[in-house]
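The structure appears below as structure tokens.
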Amino acid sequence: MDYEGQKLAEMLFYIIICLFGGVGWVLGYLQQDFTIVFQAWLVGVVISVILCVPDWPFFNRHPVKWLDSVPSDRRQAVAK
Numbered sequence: 241m242d243y244e245g246q247k248l249a250e251m252l253f254y255i256i257i258c259l260f261g262g263v264g265w266v267l268g269y270l271q272q273d274f275t276i277v278f279q280a281w282l283v284g285v286v287i288s289v290i291l292c293v294p295d296w297p298f299f300n301r302h303p304v305k306w307l308d309s310v311p312s313d314r315r316q317a318v319a320k
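Going by my numbering, the first residue of the sequence shown is number 241, and it counts up by one from there.
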């Protein structure tokens, strides 16, 4: 997962949790039942874990280009 993928995963996590928590809170308030709030939040957590934890291909759209390795003087000294 690249850095942009990490940012996307975090945003998806926050949006899903807040959306399900908010809808659950409204429904729980209207029904006067706290278990509805908890169940809606739990469904949001499960969905966000399924979407955000595995390294899906859409999280790897911006790969990081690493520099080539530079040989160190220590390796050359040991080889002599």
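In this text, a Cβ means the ideal position worked out from N, Cα and C, and glycines have one as well.
Can the beta-carbon of residue i be found closer than 8 Å to that of residue j?
i	j	result
G245	G261	no
A249	L267	no
W303	D242	Before going on, a small fix: residue 303 reads as Pro here, not Trp. Cβ distance < 8 Å, so P303 and D242 count as in contact.
Put residue i into one of helix, strand or coil per three-state DSSP.
i	result
M241	coil
V263	helix
D308	coil
Is there a Cβ from chain C that is less than 8 Å from the Cβ of residue i?
i	result
F274	In the structure shown, chain C does not exist; there is a single protein chain.
- [ ] Examine the Cβ distances between the segment 284-302 and the segment 249-261 and report whether three or more of them are shorter than 8 Å.
- [x] When Cβ pairs closer than 8 Å are counted between the two stretches, the segment 284-302 is seen to touch the segment 249-261, the count reaching three or more.
- [ ] Can you check the segment 272-306 for any alpha helix (DSSP H) of at least 4 residues that lies completely inside it and give the ranges in chain order?
- [x] Listed in chain order, the complete alpha helix (DSSP H) runs (minimum 4 residues) inside the segment 272-306 are 274-292.
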